[in-house]
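Novice: Before I ask anything, here is the structure I am working with.
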Ligand SMILES: Cc1cc2nc3c(=O)[nH]c(=O)nc-3n(C[C@H](O)[C@H](O)[C@H](O)COP(=O)(O)OP(=O)(O)OC[C@H]3O[C@@H](n4cnc5c(N)ncnc54)[C@H](O)[C@@H]3O)c2cc1C
């Protein structure tokens, strides 16, 4: 077992005990570990990941930290600022100063400017975009300065629950069985979570029969901090500002297309792909000049039917995997993680260790507290693609009215922004 870059805590041996064990070191697990280190410095926290960590520089990278970019809402930036990460993170971020939402070919759109909206902003911006490949090392560098014990590779094969909490088992490089006991097990092992399957936790799943095609495109002119959400006959396209690299202007493209069109689009060479994007997206961001490799993701709504049990909590994709069109999944996870870390601060650690009914109450209260935000965010992420995919004239008219409303009706704009900017509700 490799002891990850970690400055705190002694190396754990074949059988040890912690307060909280997080299984899965992706965006969700690593962020929760940071929140726990911040809000609950007295808790002993272990983070177990089956693949090499970003800080190790070893390929392949964790699924979270691949070629995607993430739109971090203003509320998430505030959370990262509280954790002390913002000074470093900002150097990898492009601010979102304006959001343009439009319906291609129908001349209707809404333009929202952070400079004009007093609400829903952070340092004068709606949010910021960071490439996941940059976010991973930032999170892990920060973790190395905490007492969180990051273990990798640690492919947790089996978990069991007893009087004293959870027991986790995996094998080290030499094939020897390792055991870690924890008062609380956090499953952060992603969508289709093997841990949930093992524990009999069912998921409710809706297949959108769509794929998200993701790539980086070059821009001939500066994006000016504008994030575009453009609804086209070939599916919604988001074009998000990225920081310049070696003097080149860049944007992250997320194109949601029907399942049956995806393979043909992915097979296009770089020039043909960018030409197709240009014709579909239009010229609002100027000329698109080239694209990187195109990655494709199957889209579904996947919700765990239980998010907590005695000694167990689910976070991230494992708890809720959303359509990415509204850029909400990770932002929601950060709000969940902060609430969980706050719930465990103070007396939380002692209650967990006692494994009493009060510890279960604590998890239930956390679940209740998160219910409303989760339902609204999941509903928002589920409705937007359906609304904009529809060619039905009635649906089309109502979405055009909605876009006009964003321009002229302050209450509608405020509610859209407070959802999109991730301040919770
Ligand atoms: C195309 C796309 C664009 C997106 N854009 C945005 C956006 O702009 N804004 C936003 O807020 N969200 C966005 N999201 C959502 C965001 O990507 C997810 O919220 C995020 O990836 C959550 O990651 P996770 O850590 O829960 O899961 P994962 O990334 O799947 O991580 C799970 C980890 O668990 C590890 N693991 C699995 N099993 C074990 C085991 N047995 N033992 C140890 N480790 C294990 C895996 O190796 C992996 O590292 C987007 C999603 C997609 C698909």
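In UniProt numbering, the protein residues as written are 1 to 425. Ideal placement from N, C-alpha and C gives every residue a C-beta, glycine not left out.
#1: Round the Cβ separation of residue 136 and residue 62 to the nearest angstrom and send it over; I've been treating them as touching at under 8 angstroms.
#2: Output yes or no for whether 9 angstroms exceeds the beta carbon distance between residue 96 and residue 225.
#3: For residue 206, count neighbouring C-beta atoms within 10 Å of its own C-beta (all shown protein chains included) and say buried if the count is 16 or more, exposed if not.
#4: With burial defined as no fewer than 16 other Cβ atoms inside 10 Å of the residue's Cβ, what is the status of residue 365: buried or exposed?
#5: Comparing C-alpha positions only, which one of 98, 180, 202 and 303 sits nearest to residue 228?
#6: Comparing the CB of residue 157 with every heavy atom of ligand 1, is any distance shorter than 8 angstroms?
#7: So, residue 186 versus residue 360, is the Cβ gap smaller than 9 angstroms?
#8: Which value, in whole angstroms, describes the spacing of the CA atoms of residue 344 and residue 312?
#9: Could you give the distance in angstroms between the alpha-carbon of residue 69 and the alpha-carbon of residue 130?
#10: Is the beta carbon of residue 55 sitting closer than 9 angstroms to the one on residue 128?
#11: Just the C-alpha distance for residue 329 and residue 386, rounded to the nearest angstrom, thanks.
#12: Using 8 angstroms as the threshold, is the segment 169-185 in touch with the segment 206-224, meaning 3 or more CB pairs across them?
#13: Between residue 6 and residue 153, what straight-line distance do the alpha-carbon atoms span, to the nearest angstrom?
#14: Have a look at 103, 92 and 50 and flag the residue whose alpha-carbon is nearest the alpha-carbon of residue 243.
#15: Could you give the distance in angstroms between the alpha-carbon of residue 209 and the alpha-carbon of residue 258?
#16: Roughly how many whole angstroms lie between the Cα atoms of residue 320 and residue 337?
#17: Does the pairing of the segment 277-286 with the segment 231-245 give three or more beta-carbon distances under 8 angstroms?
#18: At the level of alpha carbons, what is the spacing between residue 1 and residue 173?
#19: Quick one: does residue 81 have its CB under 9 angstroms from some CB of chain C?
#20: Just the C-alpha distance for residue 167 and residue 49, rounded to the nearest angstrom, thanks.
#21: Roughly how many angstroms separate the alpha carbons of residue 10 and residue 144, rounded to a whole number?
#22: What do you reckon, are the CB atoms on residue 340 and residue 322 nearer than 9 angstroms?
#23: Near residue 140, what residues of its chain come up, given a Cβ to Cβ distance below 6 angstroms and the 5 sequence neighbours on each side ignored?
#24: Mapping DSSP to helix, strand and coil, what is residue 319?
#25: Kindly indicate the opening and closing residues of the alpha helix (DSSP H) around residue 337.
#26: Go ahead and pull the three-state DSSP assignment for residue 186.
#27: Does DSSP put residue 280 in a helix, a strand or coil?
#28: So the candidates are 356, 126, 348 and 327; which of them puts its Cα closest to the Cα of residue 380?
#29: So is the beta-carbon of residue 193 under 8 angstroms away from any non-hydrogen atom of ligand 2?
#30: Any idea what DSSP makes of residue 364, helix, strand or coil?
#31: With 16 as the cutoff for other CB atoms within 10 Å, does residue 102 come out buried or exposed?
#32: Would you tell me roughly how many angstroms separate the C-alpha atoms of residue 81 and residue 247, rounded to the nearest one?
#33: Check whether the Cβ atoms of residue 27 and residue 65 sit closer than 9 angstroms, and answer yes or no.
#34: Could you spell out the range, first to last residue, of the alpha helix (DSSP H) harbouring residue 266?
Specialist: According to the structure shown:
#1: Within the chain shown, residue 136 is the residue found at index 136, counting from 1. Within the chain shown, residue 62 is the residue found at index 62, counting from 1. A Cβ-Cβ distance of about 7 angstroms is found for the pair residue 136 and residue 62, placing them in contact under the 8 angstroms criterion.
#2: Residue 96 sits at position 96 when you count from the first residue of the chain shown. Residue 225 sits at position 225 when you count from the first residue of the chain shown. Yes, they are a contact pair.
#3: Position 206 of the chain shown holds residue 206. Exposed, by the Cβ-count rule.
#4: Position 365 of the chain shown, counted from the start, is the residue given in the question as residue 365. By the neighbour-count rule (16 or more Cβ atoms within 10 Å), residue 365 is not buried but exposed.
#5: The sequence position of residue 228 within the chain shown is 228, counting from 1. Comparing Cα positions, the closest option is 98.
#6: Working through the chain shown from its first residue, we reach residue 157 at position 157. Indeed, a heavy atom of ligand 1 lies less than 8 angstroms from the Cβ.
#7: As a working note, residue 186 is residue 186 in the chain shown. As a working note, residue 360 is residue 360 in the chain shown. No, the Cβ-Cβ distance between residue 186 and residue 360 is not below 9 angstroms.
#8: Locating residue 344 in the chain shown gives position 344, counting from the first residue. Locating residue 312 in the chain shown gives position 312, counting from the first residue. Here the C-alpha atom of residue 344 lies approximately 13 angstroms from the C-alpha atom of residue 312.
#9: Position 69 of the chain shown, counting from 1, holds the residue named residue 69. Position 130 of the chain shown, counting from 1, holds the residue named residue 130. Their backbone Cα atoms lie some 5 angstroms apart in a straight line.
#10: Here residue 55 refers to the residue found at position 55 when the chain shown is read from its first residue. Here residue 128 refers to the residue found at position 128 when the chain shown is read from its first residue. No, the pair does not count as a contact, with Cβ atoms beyond the cut-off.
#11: In the chain shown, residue 329 corresponds to position 329, counting from 1. In the chain shown, residue 386 corresponds to position 386, counting from 1. CA-to-CA, the gap between residue 329 and residue 386 works out to about 17 angstroms.
#12: As far as the Cβ criterion goes, the segment 169-185 does not touch the segment 206-224, which means the pair count is below three.
#13: Position 6 of the chain shown holds residue 6. Position 153 of the chain shown holds residue 153. Any reading at residue 6 is ruled out, since the residue's pLDDT is 43, under 50, leaving its predicted position unreliable.
#14: To locate residue 243, count along the chain shown from 1; it is residue 243. That would be 92, whose Cα lies nearest to the Cα of residue 243.
#15: By 1-based counting over the chain shown, the position of residue 209 is 209. By 1-based counting over the chain shown, the position of residue 258 is 258. So the two alpha carbons sit approximately 6 angstroms from each other.
#16: Position 320 of the chain shown, counted from the first residue, corresponds to residue 320. Position 337 of the chain shown, counted from the first residue, corresponds to residue 337. Spanning the alpha carbons of residue 320 and residue 337 requires a straight line of approximately 13 angstroms.
#17: Output reads yes: the segment 231-245 touches the segment 277-286.
#18: Translated into positions along the chain shown, residue 1 becomes position 1. Translated into positions along the chain shown, residue 173 becomes position 173. In this prediction, residue 1 has a pLDDT of 35, which is less than 50 and means its spatial position is unreliable; what the coordinates show is noted afterwards. Each residue's alpha carbon lies about 6 angstroms from the other.
#19: In summary, chain C is missing from the structure at hand, where a single protein chain is found.
#20: To locate residue 167, count along the chain shown from 1; it is residue 167. To locate residue 49, count along the chain shown from 1; it is residue 49. Between the alpha carbons of residue 167 and residue 49 lies a gap of roughly 16 angstroms.
#21: Position 10 of the chain shown, counted from the first residue, corresponds to residue 10. Position 144 of the chain shown, counted from the first residue, corresponds to residue 144. Below a pLDDT of 50, predicted positions are generally treated as unreliable, and residue 10, at 48, falls in that range; the measurement from the model is reported next regardless. Looking at the two C-alpha atoms, the distance is approximately 13 angstroms.
#22: For this step, residue 340 is matched to residue 340 along the chain shown. For this step, residue 322 is matched to residue 322 along the chain shown. Contact flag unset, no.
#23: Here residue 140 refers to the residue found at position 140 when the chain shown is read from its first residue. Here residue 140 has 53, 54 and 55 as same chain residues with Cβ atoms under 6 angstroms from its own Cβ, once five neighbours each way along the sequence are excluded.
#24: Counting from 1 along the chain shown, the entry for residue 319 is found at position 319. Look at residue 319 here: in three-state DSSP terms it is coil, with no helix or strand label.
#25: By one-based count along the chain shown, residue 337 stands at place 337. Taken as a continuous stretch (DSSP letters only), the alpha helix (DSSP H) holding residue 337 covers 329-344.
#26: As a position in the chain shown, residue 186 is number 186, starting the count at 1. In this structure, residue 186 counts as strand in the three-state DSSP scheme.
#27: Numbered from 1 along the chain shown, position 280 holds the residue referred to as residue 280. Three-state DSSP puts residue 280 in a helix.
#28: Translated into positions along the chain shown, residue 380 becomes position 380. Residue 327 is the option with its Cα nearest to residue 380.
#29: Ligands present in the displayed structure are limited to ligand 1, and ligand 2 is not among them.
#30: Walking along the chain shown from the start, residue 364 turns up at place 364. For residue 364, the three-state secondary structure derived from DSSP is helix.
#31: Taking the chain shown and counting its residues from 1, one reaches residue 102 at position 102. Buried.
#32: What you label residue 81 is simply residue 81 of the chain shown in a count that begins at 1. What you label residue 247 is simply residue 247 of the chain shown in a count that begins at 1. Distance between the alpha carbons of residue 81 and residue 247: 28 angstroms.
#33: Looking up residue 27 in the chain shown gives position 27. Looking up residue 65 in the chain shown gives position 65. With contacts defined by Cβ atoms closer than 9 angstroms, residue 27 and residue 65 form a contacting pair.
#34: As a working mapping, residue 266 is identified with position 266 in the chain shown. From DSSP, the alpha helix (DSSP H) with residue 266 extends over 259-267.
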